[in-house]
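*Asks:* This is the structure I want to talk about, given as structure tokens.
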Amino acid sequence: MTLSISTLDSLNSLHPFPQDFTRDIIPLPCHSHNDYWRHIPLLDAVSAGCASVEADIWVSTGRFGVSNSTELYVGHSRGSLRLERTFQSLYIDPLTYILDQTNAIMTSSLANTSTESIHGIFETNPNATMVLLVDFKESPKNTNIWDLFQNQLQQLREKQYLTYWNATRNERVMGPITVVVTGEASFDLVNNSTTNPHQDVFLDAPLLELEDDATSSSPKYTTSNSYYASVSLSKAVGKVWFFLSDSQLRTIGRQTDAAWDAGLLSRYWDTPSWPVSVRNKIWEQLLLRGAGVLNVDELWTATKKEWRLCSTFGWGICP
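See the structure below:
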């Protein structure tokens with residue numbers, strides 16, 4: 484595994500901050516799976532045009548010789564955690580810095596206009612949101628992980644950088660960053676005015692429940708509390724061999740339709756990564772059947788290459 488470079492250190496080296504930081508980068512519905520494993524977390528995804536990143540968080544009480552942790556650590560497993568790899572340093576601070584600098588530049592260039600809109604990360608589409616998918620690896624029932632998480636979001640919240648639900652207008656108001664939670668973070672935490680008072684944290688809903696949910700007189704998963712709707716590909720359709728069968732494609736179609744009808748983006752994780760030709764074929768099939776976002780490990784292949792052409796006579800020719 485490649486060792487990561489500090490995201491904030493990389494940003495600080497850009498002085499002064501370049502006005503064309505994301506010039507020619509088009510945000511795409513691509514999710515950077517286990518983003519913290521990247522050479523430069525967050526920035527690798529941004530440079531590739533992936534408009535969604537994933538961070539696994541732990542409160543890690545006692546892991547580093549402290550009895551009550553006040554920090555959130557990022558890593559795939561408890562054993563992989565490091566003191567310097569925190570949720571604040573890898574994601575909250577860099578996102579704040581990028582948006583502060585981007586909006587300062589835009590404010591200066593638009594000084595003679597009346598616009599007060601807050602611009603997102605991508606210059607090519609300033610209204611595009613960056614999804615921060617946070618996978619809770621520890622239960623909020625047994626730790627203070629949820630409270631720490633909410634406290635750290637305040638840095639983005641106070642600058643109005645977060646997407647939120649406006650109950651008065653009964654609509655979701657999009658911001659530069661959309662925070663989505665999964666893992667041990669429960670529906671009850673998100674759909675609660677006490678634990679989610681600003682209504683700016685959304686759920687990664689269970690995709691397989693949406694078809695039945697749609698028949699309810701009062702659906703559980705809506706745009707007021709959810710943003711993604713996800714499931715592992717094998718759980719959704721069973722064993723996948725070299726491509727999705729007609730029967731599996733029909734199942735995928737029903738699932739993605741249910742997500743679209745609920746106003747949510749469907750996401751399939753644990754898709755095949757090898758052989759390359761199989762990976763690319765399944766990517767194509769998922770998109771054609773309405774998947775809202777591609778869950779990927781290979782950022783540049785997914786966003787910069789014409790991966791539909793990355794196979795010749797069944798052999799993969801792209802990394």
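Position in the sequence shown counted from 1, then plus 483, gives you our numbering. Positions of the beta carbon are idealized from the N, C-alpha and C atoms, including for glycine.
1) List the whole-angstrom C-beta distance separating residue 720 from residue 734, where the pair is believed to meet the contact cut-off of C-beta under 8 angstroms.
2) Return helix, strand or coil for residue 561, following the three-state DSSP convention.
3) Select from 653, 662, 543 the residue whose C-alpha is nearest the C-alpha of residue 686.
4) Are residue 666 and residue 619 touching if we call contact CB-CB under 7 angstroms?
5) Measure from the alpha carbon of residue 543 to the alpha carbon of each residue in 534, 533, 554, then state which is nearest.
6) Strictly by DSSP, which residues pair up with residue 750?
7) Go to residue 541, then tell me how far its beta strand (DSSP E) extends in each direction, as first and last residue.
8) With DSSP run on the structure shown, which of helix, strand or coil describes residue 688?
9) By Cβ distance below 8 angstroms, which residues in the same chain neighbour residue 743 in space, the five residues on each side in sequence not counted?
10) Do you know offhand how far residue 556's Cα is from residue 779's?
11) Note down, in chain order, each residue of its chain lying with its Cβ closer than 6 angstroms to the Cβ of residue 682, except the 5 sequence neighbours on either side.
12) Would DSSP call residue 666 helix, strand or coil?
13) Please state whether the Cβ-Cβ distance between residue 510 and residue 534 is less than 7 angstroms.
14) On the DSSP bridge assignment, give the partners of residue 619 in chain order.
15) Are the Cβ atoms of residue 540 and residue 635 separated by less than 7 angstroms?
16) First and last residue of the alpha helix (DSSP H) that includes residue 546?
*Replies:* Inspection of the coordinates gives the following:
1) 5 angstroms
2) helix
3) 662
4) yes
5) 554
6) 713, 776
7) 533-541
8) strand
9) 749, 773, 775
10) 23 angstroms
11) 647, 648
12) strand
13) yes
14) 540, 666
15) no
16) Element bounds for residue 546: n/a, residue is neither H nor E.
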